[in-house]
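*Asks:*
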Amino acid sequence: MPGSSEHRYIRLEGDHQRKEYSSPLLAHAGWHLHICQSRLEEMLEIAWGNAVTLSSHASPALSVEIRASFELGRMLGGGEVIGELEVPWDELLDHGDEPFDLSFPSRMSVCPSLTLKTDVVHASDDQDGALFDCLIDCEIARDTDAGHAQFAKYVTSEMVSHLNNAVQHFQLVLDKCPVSHPDHATALTNLAWARLRGYGRDDLQDIDATTSLFRDALALRPQPHPDHPLSLYNLTLALNWRHNKTRTAADIRESAQLYHELLPLCPEGTYLRSIAAGENGVDYVIDCCNDLPRDASDEGIHLRRVVLELCPLGHRLRPRALNRLAGAVKARFIQHGSIDDLDTSIQLGREAVSLCSKEHDGYLNSLASSLYLRFKHQGNPNDLDEAISLHEEALRLRPVGHNYRDNSLNNLGGVLLDRFIKRGDIDDINRAISLLREALMLCPLGHLIRDTTLHNLALALKIRYDKSHVSEDLNDAIDRYRESLQSAPLDHPERHINLYNLSSALCSRFTQSQKNEDVEEAITLCQESLAALSSLHPDRYFTYRFMQKAYLSRYEILHDPADLSLAIENFRLASRHPTQGFPGRINRAYHWTIAAEKQGHASALEAYMTFLELLDGHLATRSSTISRREAAAAFHYARSLPVDAASYATRCGNLQHAVELVEQGRGQQWSLASRLRTPVEALESANPTLAHNYLQLSKRVSDAAQSSATISDRDRAAVDRAATEYRILTRQWEAAVAKIRDLPAFSRFLLPPSYKDLQEAARQGPVIVLIASQHSCSAIIVPTSGDPHHVPFPSVSLAALTKLKDRFTQAIRDASRMDPAEPRKDLIVLLRIIWEEIMLPVVNVLEHVLKLKPRSRIWLCPTAAFTSIPLHAAHPFKTKPDRSKEPCLEDLYICSYTPTLSALVRSRQLMKKRVPPSFVAVGQGQPGAGKGKALLAVDSELELVHKLVPATANRTTISGDAATRAGALEALQQNNWVHLACHGKQDPKQPYHSHFVMRDEDLTLLDIMERDIPHAEFAFLSACHTAVGDEETPDEVIHLAAGLQFSGFKSVIGTLWQVDDAVAKHVVKAFYTSMFEHVKDGGVMDCTKAAWALNRATHAVKTKVPLEQRMVFVHIGV
């Protein structure tokens, strides 16, 4: 070892591990070594883990203290002594350069230890100077240590004099450390700590000044100051103490925000983490925040989110934090009507319920409440069913005697009322009233929810009165409403609900008794309710609704035009109230149309347009095709509204608008889906960036819709997540569309088409739109150019059409059992009626007004009851004086059908993209067990088709075991000409389940719709029921043939009823012979000749095929 001991310089290095020691005084921020050298007679402070170089000639031994500091950074004072030890230099150097432990005597039940490394280093000029760089101002340090000593005595003795002395010393230090002094923050902290401890023991009262001291210290230690986390913690303690005594909500809110910043700065295993994350730290803050009143403001919800982030997975308080956040966002939904808030509330509620195995009745009720609200807002019956199930479970967890049984009785009774309204089961309303009467028994005078229970019981009685018209129920309801109003304070947040519901009950009694005071009071109550609500509060909708009811009721008795005007204005306000859900607004718009039609009010057209606009918006929120249809079917009472709207416009003489309305109302399902497939060639030329963004978003929306369709309804949480994702994507898509519409040439991009747009459908021949409304039945002819023409049917009513449709169904059924040679007298009578009362007036306009040449093409676009009548087969069955037969419709013109004008326009647009023909014939004559009888003629039909298709086409045949669902789908996607010979089954209740029967699984309409086949051209559906629509939404032409057209096939042959496969092949042979006869002469396969070929085929087989089997085939498309 070089040199003598007097001239050696020794380097000491402590380990970097944090030592834990809990002090009764302050929270320790770090650890320091204090090394005593007799020559200097001063203490050298070394932060834990640092190294120092000492001269061994200063003293014969090393004196070491371990002290706990109250700061991680610059230390003020000596800190708290944890251990003391003196070791000779030679003993230290005997360890060489290996680490070794020094053990200290026990102190306060703690046995400190220290790991050191030593080595000898050469002297340098500045090493002694380094000793002085770490010295602390002695006077300030002594006062600080004196303060700590007095504070320690106060902690152990609880004598206030020691506290006062400590405060004096710390105040003296603060006075000597101005704001610019490096130890000012430490001085503030020491003084604040002493004052806080005195406040906690009620020995000091000035907590506000103490809190300010901590706040000032934090301001001087911003991130990344080493003592920033400790200053955060100190301020939370002060705020928590003040909240504990004063219950000031602002304190606990601020404390939560501070903890949100603090915890990520405290790694697991550190001392500060252990004290901050304990029951007296963040858990106290979480509990107190959870006890705060519900706050639906953005700030309140932000706080709830902060609290939830303080409760990671596995935290015992996470379920309650989830539930409280769910309640806050639900409350914001109630105030502002944003469906995103409601979805978030449900998602949070589901997680809260999933985390609790016991005592979760409150969470069940909260989740059920959110689901019920979403049902009221969006009308999804699954939400109502789930809400009822959850409330039933919660009630089981609250047996007789439970403190909150009255709440569960109220909740379950309320949701049963809505199920009764939706499904009409009298047991639901009776049980609801029984539950609510039990709840009222549990709520004596002065009870917290007596007013709510009275209101709910009154509502149930009123609803039962609406069904049974028992006046006792109505009078009892009014009495209960009045008692509820008297029981609740004037500032009750839901007082407005009681007001407008009492108004509704009084209106009902006015209608019954015609006592003017009832309706006067009803109007006054609604005005009071409106005055209590902000302009965008969702419940203004209900007030407008009942205000309208009151004015309309009075108008119908007193006939004052002012009342009718006020009623219409409230219809308008209710149906257009932006924060109310679509179902309620759609319902108001529907009733507006009824009132306007009945009273002859000029707003009827506006009402119809509002209904169609709202329904379109509502369906657009549904992510899957089936859910859109279910949403539309929920408004079954308004299924005739599109044609009623067109009828009204027709009666007003506005034929162009009538065409636009019937188009907008029919085929909404198709239009919503097809707008994701809109050709964008013009847009790509004008603005490639917008076009690319639109196409990308369209694909994402489409993918999300298809993905949602695969989720089981039983996984409600997954269904909710998918719906939320779909809605977010839809908003992005709508924003992209809005940017496109800002371009000068694209202002009507994807908007409902104008008459000018729709007239493109008539480019190759007129389109006859047949309108079957309860108000009038007529046709509108859309010519190739110019204004449309109106053809009234004065002798035809909707009831007569319905009867005619039923007679056709029976006649077709009877004919199927008759001998082929036997005359079809009933069918002939019915076809003559169609000719004389419907098609002859149309033909007269085509011939004499439009001067349409014989054998020209025409398209039929039937609505409502017209969709089930074979209009193309209209026939006079008369002989002229010269013994020649009068021509029928198909003698005069080449007839085709189109589901909508837009479908025909779209098919024509896609015709621009032609590819070489490839033809596939798919046949399944031997379906699986239970799927129908064998079709013995299928194989021979496939052979026939193969022979008749030109050899220039790429021809393939799929049959037998190869004709599976997957095989058929692949064939549809890979070929642009398709012939399908199999069973086809139309499902009138669930049309998207309509299907072609394959060997294994059915090929459904939904399967077909989900495929986009833009190059497809022609399909022949030699199957049953492929062009028959939907019972629930007859104006939504949802059938197999329309589905193929939607997917991309421009020209489709379909069937209206059951096909006899033995005779169908005669039509098939005649059709393909005509279809391809020109190809022999060098022509090309042309799908636009299909209507002409079918017309020739049905004429050619008159002697071989019975009438009903010739009529069964129809052409759809170009």
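So in the numbering used here, the last spot in the sequence shown is 1118, and the numbers never skip. Note that CB positions come from ideal geometry on N, CA and C, so glycine has one too. Keep in mind that this is a model prediction, so the values were computed, not measured.
Would you check if the segment 763-778 and the segment 857-868 touch, i.e. whether three or more CB-CB distances between them fall below 8 Å?
*Replies:* yes
*Asks:* At the level of alpha carbons, what is the spacing between Phe1113 and Ser1022?
*Replies:* Taking the straight line joining both Cα atoms gives about 9 Å.
*Asks:* Quick one: is Ser529 buried, meaning 16 or more other Cβ sit within 10 Å of its Cβ, or exposed?
*Replies:* Ser529 should be labelled buried.
*Asks:* Please state if the CB of Glu472 and the CB of Ala815 are separated by a distance shorter than 8 Å.
*Replies:* no
*Asks:* Which of the three DSSP states, helix, strand or coil, is assigned to Phe611?
*Replies:* helix
*Asks:* Hey, could you find the ends of the beta strand (DSSP E) Ser1022 is sitting in?
*Replies:* It spans 1018-1022 - the beta strand (DSSP E) in which Ser1022 sits, taken as one unbroken run.
*Asks:* Along the chain, where does the alpha helix (DSSP H) that runs through His1066 open and close?
*Replies:* Counting along the chain, the unbroken alpha helix (DSSP H) around His1066 starts and ends at 1061-1075.
*Asks:* Could you spell out where the alpha helix (DSSP H) holding Ala723 opens and where it closes?
*Replies:* 716-741
*Asks:* Answer with buried or exposed for Ala811, where buried requires no fewer than 16 other C-beta atoms within 10 angstroms of its C-beta.
*Replies:* buried
*Asks:* Taking 8 Å as the cut-off, decide whether the C-beta atoms of Ile429 and Ile463 are in contact.
*Replies:* A contact, by the Cβ cut-off of 8 Å.
*Asks:* Might you give, ordered along the chain, the residues of its own chain that have their beta carbon closer than 7 Å to the beta carbon of Thr724, omitting 5 neighbours on each side?
*Replies:* Asp343
*Asks:* Quick check: Gly923 and Ala981, are their CB atoms within less than 8 Å of each other?
*Replies:* Less than 8 Å divides the Cβ of Gly923 from the Cβ of Ala981.
*Asks:* Assuming Tyr897 is part of the beta strand (DSSP E), what are its boundary residues?
*Replies:* 894-897
*Asks:* Let me make sure I understand the geometry here. Which of Arg813, Cys888, Lys851, Ser785 has the alpha-carbon closest to that of Arg832?
*Replies:* Comparing alpha-carbon positions, the option among Arg813, Cys888, Lys851, Ser785 lying closest to Arg832 turns out to be Cys888.
*Asks:* Could you tell me the distance, in whole angstroms, from the CA atom of Leu525 to the CA atom of Tyr284?
*Replies:* Looking at the two C-alpha atoms, the distance is approximately 46 Å.
*Asks:* Please go through the segment 430-496 and give each complete alpha helix (DSSP H) segment of 4 or more residues, from N-terminal end onward.
*Replies:* 450-468, 471-487
*Asks:* Sorted by chain position, which residues of the same chain lie with C-beta nearer than 7 Å to Ile286's C-beta, five sequence neighbours on each side aside?
*Replies:* Val307, Leu310, Cys311, Leu317, Ala321
*Asks:* DSSP three-state label for Leu1005, please.
*Replies:* Look at Leu1005 here: in three-state DSSP terms it is helix.
*Asks:* Is the separation between the beta-carbon of Asn976 and that of Ser907 shorter than 8 Å?
*Replies:* A distance of 8 Å or more separates the beta carbons of Asn976 and Ser907.
*Asks:* Bridge partners for Thr1088 per DSSP, in chain order?
*Replies:* Thr1088 pairs with nothing; no bridge assigned.
*Asks:* Taking only the alpha-carbon atoms, compute the straight-line gap between Lys1119 and His469 and give it to the nearest angstrom.
*Replies:* This structure cannot speak to residue 1119, because the chain is shown only from 1 to 1118.
*Asks:* At which residue ranges does the segment 297-377 contain complete alpha helix (DSSP H) runs of 4 or more residues, listed in the order of the chain?
*Replies:* Scanning the segment 297-377 from its first residue to its last, the whole alpha helix (DSSP H) runs of 4-plus residues come out as 298-309, 318-336, 339-354.
*Asks:* Using DSSP with H/G/I as helix, E/B as strand and the rest coil, what is Phe1113?
*Replies:* Strand, per DSSP.
*Asks:* With distances taken Cα to Cα, identify the nearest neighbour of Arg965 among Trp241, Glu760, Met998.
*Replies:* Met998
*Asks:* Quick check on the DSSP output: the alpha helix (DSSP H) that includes Val167 runs from which residue to which?
*Replies:* 160-176
*Asks:* If you scan the segment 181-217 from start to end, which runs of the beta strand (DSSP E) of 3 or more residues do you find wholly inside it?
*Replies:* none
*Asks:* Could you tell me the boundaries of the beta strand (DSSP E) in which Val1118 lies?
*Replies:* For Val1118, no beta strand (DSSP E) encloses it, and the DSSP letter there is neither H nor E.
*Asks:* Among residues of its own chain, excluding the 5 on either side of Glu483, which ones have a beta-carbon nearer than 6 Å to its beta-carbon?
*Replies:* Leu454
*Asks:* Grab me the residues of Ser940's own chain with a C-beta within less than 8 Å of its C-beta, minus the 5 sequence neighbours each way, in chain order.
*Replies:* Lys1065
*Asks:* Check whether the segment 882-900 touches the segment 803-810, taking contact to mean three or more Cβ pairs, one atom from each stretch, closer than 8 Å.
*Replies:* no
*Asks:* Comparing alpha-carbon positions, which option in His875, Gln990, Glu261 lies nearest Lys1120?
*Replies:* Residue 1120 lies beyond the stretch modelled for the chain, which goes from 1 to 1118, so this question has no answer here.
*Asks:* Do you know how far the Cα of Met547 is from the Cα of Ala522?
*Replies:* Note on geometry: alpha-carbon atoms of Ala522 and Met547 lie some 8 Å from one another.
*Asks:* Taking the alpha carbon of Met818 as the reference point, which residue from Val1105, Asn382, Val1118, Arg142 has its own alpha carbon closest?
*Replies:* Taking Met818 as reference, the option from Val1105, Asn382, Val1118, Arg142 with the minimal CA-CA separation is Val1105.
*Asks:* Between the C-alpha atoms of Ala821 and Thr1103, what's the straight-line distance to the nearest angstrom?
*Replies:* 9 Å
*Asks:* So is Pro823 buried or exposed if we call it buried at 16+ other beta carbons inside 10 Å?
*Replies:* exposed
*Asks:* Is it buried or exposed for His32, if we count other Cβ within 10 angstroms and need 16 for buried?
*Replies:* Low local confidence applies: a pLDDT of 47 at His32 is under 50, so the model's placement there is unreliable, with the coordinate-based value given in what follows. Flag for His32 reads buried.
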